Every structure is written in structure tokens, then in C-alpha cells.
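Under the numbering used here, the first residue of the sequence shown is numbered 331, with each subsequent residue one higher. Worksheet for the structure shown next.
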Amino acid sequence: MLDMTAMRLCFCCGKETPFGLGEPALPLGWVCESCGHALQERDGIPLTAPALADTLTGFDPADFTFLATAELDHFWFAARRRLIIGLVDAYFPEATRFCEIGCGSGNVIGALAASRRWSRIVGTEIHTAGLSLARPRLPGQVELLQADARRMPLRHAFDLAGCFDVLEHIDRDEEAIAGIAAALVPGGGFIATVPQHPSLWSVSDDIAHHQRRYVRGELEAKLERAGFEVLFSTSYTVLLLPMMALARVRSRKAAPDQDPRELARREFNIQPRLNRILQGILDVEVKLTLRGMSWPIGGSRVVVARKRAETGSGKGTSVAPPARNTVAA
Ligand SMILES: [Zn+2]
331 MLDMTAMRLC FCCGKETPFG LGEPALPLGW VCESCGHALQ ERDGIPLTAP
381 ALADTLTGFD PADFTFLATA ELDHFWFAAR RRLIIGLVDA YFPEATRFCE
431 IGCGSGNVIG ALAASRRWSR IVGTEIHTAG LSLARPRLPG QVELLQADAR
481 RMPLRHAFDL AGCFDVLEHI DRDEEAIAGI AAALVPGGGF IATVPQHPSL
531 WSVSDDIAHH QRRYVRGELE AKLERAGFEV LFSTSYTVLL LPMMALARVR
581 SRKAAPDQDP RELARREFNI QPRLNRILQG ILDVEVKLTL RGMSWPIGGS
631 RVVVARKRAE TGSGKGTSVA PPARNTVAA
């Protein structure tokens, strides 16, 4: 992995300023020395895309409050957290500077913050509603920034980035992938999860403001185009696919006068006993995946990638260390 000076970008004039490991990526009260633009803030959180902070861009901020607690024990989110931490440990054991793009109310970044020692850990989110919920739930070391993933205000600042069920909310997802690539050092890692199979589209996707469910190979191709090398890709929530398909059919048949938001939230309302059973099933799946098993189908996809070394213009040839084919358990 090449080490490069981390830069913060003035989103007003584009001027890049270097910053060191000991300092925040974007400190409150920061003023661009080139154009004099002063960083705005809300509730102590720096705003780098203030015009988008309260919009419905790809997500309804009202859902953060609901998700913040619903995610904690829900089998699907718990399994996803274990999968992500396992992949981070297996593929990027040396990473010390992490950024989660679209961190919402902070459940994943909180788990990652506790999983190892980071020298820099930043969560970005376009909606301040999520960040205001996240702040008191996260350790002080986690720096939070309101930012548009398509215009990341940081360059070469991280050796690992993650984007977990976020890209499907963004209409021009390739711009976000390019923004994430720019925030990484050459050789830096990237892990993304997305929903897949358009045939599984349901009212939940509508309510969640999804722009798409990914088709086979789509995310991998977009990553390659942005200068990433794909190290590992698999479906997950494979073992629950039959149940998921059944639930989708049921919700499509539901009476038209039912509130679609209530229908979508019903997927979260699971009896504790059933939640434990489903958790057990997904635990087995996560263990097998972390041993290197790649599943052909499943409700979601996880892709592990590495930014290729740059050759002047940004995209380059692979001079990064060889890819790992399997993941240690
Ligand atoms: Zn400026």
C-alpha cells in the first residue's frame, strides 16, 4: 500500500490542503485559506454538502430513528455486522484508517470502532438526521461528517472504506464509487454490500427509496471501471432466500388499502424466538462465507475490492499485492 499525504478539499474552490494523522479530517471552524470559505456545522457536525442535508435524496431521514433501534438485534443486521467485521479482519488486517460512507445512525461503524484500534475512523452521511442520532451512540474517536459520497471532501485519507447498503440509494452510484476511490490511498480496500436480483423488488425497496437492486456482475463491473480490483464477491442471505421470496409474494398480494410503510416495517417486527432461529441460520452462512465460500444467489451481495495503484491519471494497472482467493476463518 502506498502512503500518500491525506488532503482535505474545500468544496467551495476545490483547493486541497494536507492534514496529518493527529488532526480531524475536517475540524469545526475550519476556514479555507484559499477562498476564505468557512465550514458550516449543525449540532457540532461539519456540513460539506449543506444544500443536501435535509433533502429526501435517496432516503427518508424519518426512518433513521426507527432503524437506529430496530437494527441492533435484528438477525439480518447482526449477521451483516459479523460478515463485515470478518471480511475486514481477513482482507485488510493492516488497515488503520477507515471511512464508512453512508453510516446512518452508526451501528456498523460502532461495531467496527470496537473491533480494533484505528488511527483515523470517519463516518459520512448525507442526512444530518442520521448523524445526530449516531453521535451520542459512538465513541468520541469516530469523526462524523455530513457529505455527499459523489463529492467526497477528502483525498488519500483512508486505507479502507465501506459502504453498506447505501449505493442502491444513489441515482448516480458510479460517481459515488469514484468519490470513494479518490478518498482511498492507492492499494486501499473497499467493501460494499448491496441488495441484488431485481426480481426481488418489493414495497420495501420503494419505501427505502432504492434506485435499483443490482443485477449479476453489475457492482463488480462498476468497481473495475472506477479503478478497483475485485478480490472477493459473493451473495449473502442465501439460506433465507426461500423465505424472502415468500414474504415478497405475500406483500404483493396484500390488500391495497394497507399502508406500505407499515408493510415494510412488519419485516422488522419479528418474534424474539424466530429472530434467534434466523440468526442461527445466518451465523452458519457467515462462517462458511468467511472460509471463502462464494454463494451463487441470495438477497444481497458483498464485494471486497482494492484500489489499483495509480499511474498518473488515476486508473492504473495492478501493481498491488496479489489477491487472496480465500478468507481465513
Ligand atoms: Zn476554498
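Virtual Cβ for every residue (Gly too), placed ideally from N, Cα, C. The structure presented is a predicted model; accordingly, all values stated were derived computationally and were not measured.
inquiry  = Given this structure, state the Cα-to-Cα distance separating Leu413 from Thr395, to the nearest angstrom.
reply    = Mapped onto the sequence shown, residue 413 falls at position 83. Mapped onto the sequence shown, residue 395 falls at position 65. Those two C-alpha atoms are separated by around 24 Å.
message = By DSSP's criteria, Thr378 is part of a beta bridge. Which residues make up the other side?
response = Here residue 378 is taken as the residue at index 48 of the sequence shown, counted from 1. DSSP output for Thr378 lists no bridge partner at all.
inquiry  = In whole angstroms, give me the CA-to-CA distance for Pro380 and Thr458.
reply    = Along the sequence shown, read from residue 1 onward, the residue named residue 380 stands at position 50. Along the sequence shown, read from residue 1 onward, the residue named residue 458 stands at position 128. So the two alpha carbons sit approximately 9 Å from each other.
task = Could you give the DSSP three-state label for Leu339: helix, strand or coil?
result = Taking the first residue of the sequence shown as position 1, residue 339 is located at position 9. Strand.
inquiry  = So, with DSSP's three-state summary, where would you put Met334?
reply    = Position 4 of the sequence shown, counting from 1, holds the residue named residue 334. In the structure shown, Met334 sits in coil (DSSP, three-state: anything other than H, G, I, E or B).
inquiry  = Among Asp503, Ala398, Leu351 and Gly629, whose alpha-carbon lies nearest the alpha-carbon of Thr564?
reply    = Your numbering for residue 564 matches position 234 in the sequence shown. Out of Asp503, Ala398, Leu351 and Gly629, Gly629 has the C-alpha closest to the C-alpha of Thr564.
inquiry  = Nearer than 6 Å: is that true of the beta carbon of Lys552 relative to any heavy atom of ligand 1?
reply    = On the sequence shown, residue 552 is found 222 positions in, with the first residue counted as 1. Checking every heavy atom of ligand 1 against the Cβ of Lys552, none is found closer than 6 Å.
ask   = Just the Cα atoms here: how many angstroms apart are Val614 and Arg447?
value = Within the sequence shown, the letter at position 284 stands for residue 614. Within the sequence shown, the letter at position 117 stands for residue 447. Computed Cα separation, rounded: 27 Å.
key: Check: Lys345 C-beta below 6 Å from any heavy atom of ligand 1   = As a first step, residue 345 is located in the sequence shown; it is residue number 15 there, counting from the start. Yes, the Cβ of Lys345 comes within 6 Å of a heavy atom of ligand 1.
ask   = For the candidate residues Gly518, Ala512, Asn437 and Ile611, whose alpha-carbon lies nearest to that of Asp495?
value = Taking the sequence shown and counting its residues from 1, one reaches residue 495 at position 165. It is Asn437.
CB contact flag (Val452, Glu424, <7 Å) = Start at 1 with the first residue of the sequence shown, and residue 452 comes out as number 122. Start at 1 with the first residue of the sequence shown, and residue 424 comes out as number 94. No, these two residues do not count as a Cβ contact at 7 Å.
query = Can you round the beta-carbon distance between Cys429 and Ala491 to whole angstroms, since I take them to be within the 8 Å contact cut?
reply = Mapped onto the sequence shown, residue 429 falls at position 99. Mapped onto the sequence shown, residue 491 falls at position 161. Contact flag correct, Cβ pair sits at about 5 Å.
ask   = Name the DSSP beta bridge partners of Gly519, please?
value = Along the sequence shown, read from residue 1 onward, the residue named residue 519 stands at position 189. Answer is Leu490 and Arg636.
inquiry  = For Val568, tell me which candidate among Ser532, Asp536, Leu604 and Leu612 has the shortest Cα-Cα distance.
reply    = Counted from its first residue, the sequence shown places residue 568 at position 238. Closest option to Val568, Cα to Cα, is Leu612.
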